[in-house]
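Some notes on the structure that comes next.
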Amino acid sequence: MQKTFSFAVRDSLINVGPLKDFSYGLRMNADPNAMGIAKQSNYELVCCSGHGKNGTLCVLQQSVRPEVITQEPIPGCKGLWTVYHKNSRSHGVDSSKMAADEDEYHAYLIISLETRTMVLQTVNNLEEVTENVDYYVQGSTIAAGNLFGRRRVIQVYARGARILDGAFMTQDLSFRAPTSEAGSGPESSTVSSVSIADPYVLLRMTDGSVQLLVGDLSTCTISTNIPAVFESSKKSIAACTLYHDKGPEPWLHKTSTDAWLSTGLGEAIEGADGTPHDQGTIRDSQNFKNSDDVAVHGRKEISQNMKVVELAMQRWPGLHSRPFLFGILSDGTILCYHAYLFEGAENASKIEEASVPNSASLRNISASRLKNLRFVRVPLDTYTREEMSSDTPFPRITMFKNVGGFPGFFLSGSRPAWFMVFRERLRIHPQLCDGPIVAFTVLHNMYCNHGLIYVTSQIPLKGTPHQVTYFAEKNLYPLIVSVPVLKPLNQVLSSLVDQEVAHQIEQDTSNVDGTYTVEEFEVRILEPEKSGGPWHTRGTIPMQSSENALTVRVVTLFISEVYSKELKGAISALASLQGHLLISSGPNVILHKWTGSELNGVAFYDAPPLYVVSLNIVKNFILLGDIHKSIYFLSWKEQGAQLSLLAKDFGSLDCFATEFLIDGSTLSLIVSDDQKNVQIFYYAPKMSESWKGQKLLSRAEFHVGAHVTKFLRLQMLPTSVDRTSAAPASDKTNRFALLFGTLDGSLGCIAPLDELTFRRLQSLQKKLVDAVPHVAGLNPRSFRQFHSNGKAHRPGPDSIVDCELLSHYEMLLFEQQLEIANQIGTTRFQIVSNLNDLTLGTSFL
C-alpha cells in the first residue's frame with residue numbers, strides 16, 4: 011500500500027542571515043526638515059544577506075516611519091479619540107457581530123484642547139462640525155468611546171458624561187462625590203482617568219475613589235454604581251482598568267458579567283522564571299509606595315513616590331492568543347505580564363493567600379471564577395523611558411487592532427514608541443520625531459486605510475551579494491553580486507569557442523554604473539560600441555515560435571570608464587586615504603595617487619602579512635587586518651611619502667573584520683576573529699609592556715558567540731546627561747559606537763562608556779551573575795571569556811560590560827533592584843538612567 015502526502019506552506023520566517031556586509035545611508039523618502047533625534051529615522055541599514063538563489067538585499071530599520079497624508083497645527087491639544095456611529099438598527103441584532111466589523115469607517119474625531127473640545131467628521135474628509143453636534147464642547151474631554159455595539163458614543167469630561175446617538179445627545183449624566191466625602195468640596199469628584207469596556211465605563215476620581223457606569227442594552231442608557239469591594243475600602247486607587255473577555259471563544263471562564271476590575275483581583279503573579287511573586291501589583295497599585303527607603307551612603311532613594319500610574323489589559327485577536335496586562339510606573343518603567351491558565355489543585359492555598367484580606371465576597375469570586383488565572387512577567391526589548399506624573403489625566407497607552415496589519419498599542423509622550431504584537435510577542439519600534447506626541451488615535455476612513463506602515467523590506471537578487479556601500483552624492487547603493495553560470499552540456503563541444511568569445515565581449519562592455527539582464531529567449535543582433543559618443547546600444551529580438559507576436563527592444567546605456575590598470579594578484583581590500591587610493595593585493599599594500607589621468611603608486615608596505623583582508627582609515631592612521639597574523643597599525647606621512655609600521659599584535663589571529671573605535675581623544679583598534687571573539691587594542695609607545703611601542707596592548711576582550719563580518723563606525727547621539735554635563739564638548743561629541751553584523755544574521759553594538767558609568771555597570775553585572783537565573787544554568791561570565799580553541803592566550807583586562815545581562819536588572823523584583831543598587835553603592839534611578847542614556851545614544855535606526 012502506497013501512501014501519498016501533500017504539503018502546503020502555512021507560514022514563513024524572514025531571515026536576514028548571513029550578513030556579509032552592510033551600509034548605512036539615507037532612505038529614499040527621507041525628510042529633509044527633520045531635526046534632532048528625528049533625523050535618525052531618515053537612515054536605514056542596507057545589508058547583503060543570503061546565498062545563491064536566496065540572496066537578497068535587506069533594508070532594515072528599527073524606528074517606524076508613518077506615511078504622512080495630511081497635517082494640521084492644533085495648538086493646546088491634550089487628547090484624541092475616534093468613534094464609530096451605527097445608524098438606528100433593531101435591538102435584536104447581535105451587538106458582538108456589529109462590533110466585529112473591521113471595515114467600518116470612523117464617524118467622528120474628537121479633539122480635546124485646554125479649554126474646549128473640537129469635533130470633526132471623518133467619513134470622507136476631516137470637516138469640523140463642532141457647532142452642529144450636542145457634544146460637550148465648553149471644556150476639555152477626558153475620554154470618548156463607543157457603547158452598545160457602536161450604536162452610542164460616550165463622552166466623559168471632568169464633571170459628567172454624555173451619551174450621543176451620532177450628533178444628538180440622548181443622556182447627560184453628572185458625577186457626584188460619595189456621601190462620605192460630600193462635604194469635602196466639589197474638587198474631589200472630578201474625573202481623573204477613564205477605562206471603557208462596552209457596556210461598562212470605569213472612572214477613577216481625583217480623590218482616589220472609583221465609580222462604575224453600567225449600561226443598559228435595552229434603553230442605551232447608563233447608570234452610576236460604586237463597586238462594593240471599593241465602597242468600604244479607604245485605600246486610594248492609583249490606577250485601574252477594565253477588561254472585556256469578548257470574542258467567539260472567550261479566554262477566561264464565562265461568568266455572569268463580561269467585565270471585571272483588574273485592580274480588584276488579588277491573583278498570583280509569577281516572574282519570568284515561573285516562580286510566584288508575593289506582590290499585589292494588580293490589586294493594590296500602592297505597594298511600591300509603602301516600600302521602605304533604602305539608605306545609600308547617607309542618601310535615601312525615594313521609593314515612596316514609586317507607584318503604578320497607568321494600567322491596561324488587552325487580548326488581541328488570534329487562535330491561541332492570551333491577554334496582556336500592562337502597567338506604567340511613575341519613573342516610566344513599563345511592566346508587561348502575560349496571562350495563562352494554570353490547572354492544579356495544589357495551589358488552592360496560594361490562591362487564598364493572594365486574595366484580598368477582609369473581603370469575603372471577593373475571595374469567593376477569586377476562588378470560583380478565576381482560580382486558575384496566573385500572570386507571568388514578560389521581558390521587553392530596549393526602550394527609552396520618561397518620568398510620568400500621576401496628575402496627567404490622559405493615558406499614554408492607546409490600543410489598536412490593525413495599523414498596517416499589526417495589532418498592538420502606541421506609547422505616547424516625549425519618547426513615543428510602537429509596541430507591535432507578532433506571533434504572541436511584543437516588538438518595540440521607537441517613533442523618532444521632533445517633539446513629544448501628546449495624543450494618539452487610530453483613524454480608518456476612505457483616505458486612510460488602517461494607517462499603512464512599512465517596517466522592513468527585502469529585495470531579491472537571485473544571486474550572492476558580497477559587498478555594498480553608500481554613494482551619498484547620488485543616494486545610491488552600489489553592490490557586488492555573483493551568480494554561478496552553468497554551460498549546457500550539449501553546447502560544450504559544439505559552440506565552446508563562440509560562447510567564450512560572447513562571454514568575453516559582455517565582460518569588456520559591461521556597464522560599471524549598473525547591470526542589464528537579457529530576458530529569456532532574447533538574442534542580441536546589434537551592439538555598436540560607439541556611435542557618436544560614449545553610448546552602448548543593444549537591439550534584442552525574442553526567439554520564440556512564429557505564432558507569438560514579436561516585441562523588439564532597443565536599450566541604450568551610458569558608459570564612462572575613467573581608468574583601468576592591471577595588478578598582479580587579487581585585490582582583497584580598498585580604502586581612501588586623504589585623497590589617495592590604498593589597495594591591498596595579497597601581502598602587498600600599495601598607496602596610489604590619482605594625477606587626473608592615471609593612478610601612480612607613491613608608497614607601499616609589504617612586510618610580514620600573509621594576506622590582507624581589511625583596511626580601515628582614521629586621519630593618517632591605517633588599521634590592517636591579516637588573514638592569520640592579526641592586526642597591524644600603520645601611519646602615512648605625506649612628507650617623504652612613507653607608509654611606516656607603528657605597532658602590531660604579535661599573536662596569531664585569524665581576522666574577520668577590523669575597525670577603529672573613537673572615544674573623544676582616545677583611539678582604539680578592534681578586531682573580530684574566527685573563534686567568535688572581539689578584541690580591543692590600543693597603542694601606547696610610552697608603556698614598558700609595549701616593547702618600545704612595537705606591540706599593541708590589549709584593552710578588552712569579549713566572546714560574542716557569532717562570527718562578526720563587518721564593523722560600522724557611527725557617531726553616538728547626545729543624551730540627557732550630555733546636555734547637562736560640565737565636561738568638555740569635544741569629549742562628548744567625538745564619541746563613536748560600532749554597529750556590527752554576524753553570519754548568524756544578528757546585529758550588535760559596541761559603545762564606549764565613561765569611567766564612572768562603567769564601574770557602576772560592571773559592579774551591577776557581577777551581582778547579576780548570581781542574582782539572575784540563567785538559561786539552562788549557563789554562566790554568562792565564563793561564556794563571555796575569550797575562546798582560544800586550545801591555543802596559548804594571556805587573558806586581557808575585564809573592561810566590557812554585557813548589556814544582554816544588564817537588561818535582566820529590570821526583570822527583578824522591585825525590592826531586589828533596590829537591594830542590589832544599595833549593595834554596589836548607587837541607586838536604582840541612577841542605574842536605570844545609565845541604561846536609558848546608553849539606549850538613547852545608540853538609536854541609530
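Numbering (our numbering), first residue to last: 11 to 855. Where is the CB? At the ideal position from N, CA and C, for every residue including glycine.
If we ignore side chains and look at the alpha-carbon of each, how far apart do L577 and V718 end up? Rounded to whole angstroms, L577 to V718 spans 30 Å at the Cα level.
Close beta carbons around D226, own chain, < 8 Å, minus the five adjacent residues each side: P209, I232, S233
Using the Cα positions of V785 and A667, report the straight-line distance between them to the nearest angstrom. Rounded to whole angstroms, V785 and A667 show a C-alpha spacing of 30 Å.
Within 10 angstroms of its Cβ, does F432 collect 16 or more other Cβ (buried), or is it exposed? exposed
Once the 5 residues before and after L10 are set aside, which same chain residues still bring their CB inside 8 Å of it? Nothing can be reported for residue 10: it is not among the residues displayed for the chain, which extend from 11 to 855.
Can you find the residues in the same chain that come closer than 6 Å, C-beta to C-beta, to G715, ignoring five residues on each side of it along the sequence? K686
Between P805 and K245, what straight-line distance do the alpha-carbon atoms span, to the nearest angstrom? 57 Å
Touching by the beta-carbon criterion (3+ pairs, under 8 Å), the stretch 321–337 and the stretch 829–836: no
Range covered by the beta strand (DSSP E) that runs through L222: 220–226
Cβ-based burial, Q441 [other Cβ within 10 Å; buried from 16]: Buried is the call here.
Assuming T66 and I469 are in contact, meaning their beta carbons sit under 8 Å apart, how far apart are those beta carbons, in whole angstroms? 6 Å
To the nearest whole angstrom, what separates the beta carbons of Y347 and L335, a pair I think is in contact under 8 Å? Going by Cβ atoms, the distance from Y347 to L335 rounds to 4 Å, so yes, they are a contact pair.
A154 - DSSP class collapsed to helix/strand/coil: strand
Taking buried to mean at least 16 other C-beta atoms within 10 Å of its own C-beta, is I206 buried or exposed? buried
The alpha helix (DSSP H) spanning V572 covers which residue range? No alpha helix (DSSP H) holds V572; DSSP gives it neither H nor E.
Name the residue from L822, S756, R791 whose alpha carbon lies nearest to the alpha carbon of A781. L822
Any contact of the stretch 81–98 with the stretch 422–429, i.e. 3+ C-beta pairs under 8 Å? no
Backbone CA spacing between D673 and P762 [nearest angstrom]: Looking at the two C-alpha atoms, the distance is approximately 6 Å.
Pick helix, strand or coil for E825, following the three-state DSSP scheme. helix
DSSP state of D41 mapped onto helix, strand, coil: Looking at D41 - three-state DSSP - the assignment turns out to be coil, as it is neither helix nor strand.
Are the beta-carbon atoms belonging to G661 and S640 less than 7 Å from one another? yes
Give a yes or no on whether the C-beta atoms belonging to K96 and R161 are separated by under 7 Å. yes
Decide if W604 is buried, meaning its Cβ has at least 16 other Cβ atoms within 10 Å, or exposed. exposed
Minimum C-alpha distance to L850 - residue among P333, L753, A747: A747
Go through its chain and collect everything with a Cβ distance to L119's Cβ below 6 Å, but skip five positions before and after it. T92, L130, T132
What are the start and end residues of the beta strand (DSSP E) that includes F614? 609–615
Is DSSP giving A831 helix, strand or coil here? helix
Which class does T836 belong to by DSSP, given the choice of helix, strand or coil? coil
Do A322 and T408 have their C-beta atoms closer together than 7 Å? no
Taking Cβ to Cβ, would you say F691 is nearer than 7 Å to S708? Their beta carbons are under 7 Å apart, which means F691 touches S708 by this criterion.
Rounded to whole angstroms, how far is the Cβ of L29 from the Cβ of L625, which I believe are closer than 8 Å? No, L29 and L625 are not in contact; Cβ-Cβ is about 20 Å, not under 8 Å.
Contacts around L436, its chain only, beta-carbon distance under 6 Å, and the 5 residues preceding and following it disregarded: F429
Apart from the five residues on each side of it in sequence, which residues of its chain come closer than 8 Å, Cβ to Cβ, to L587? L601, I627, N630, I632, W646
Quick check on the burial criterion: 16 or more other C-beta atoms within 10 angstroms. Buried or exposed for D518? Summary for D518: the model assigns pLDDT 43, below 50, so the residue's position carries little reliability; its value from the coordinates is reported in the next sentence. Exposed.
What's the gap between the Cα of Q477 and the Cα of D31? Those two C-alpha atoms are separated by around 5 Å.
Under the three-state reduction of DSSP, which class applies to Y118: helix, strand or coil? strand
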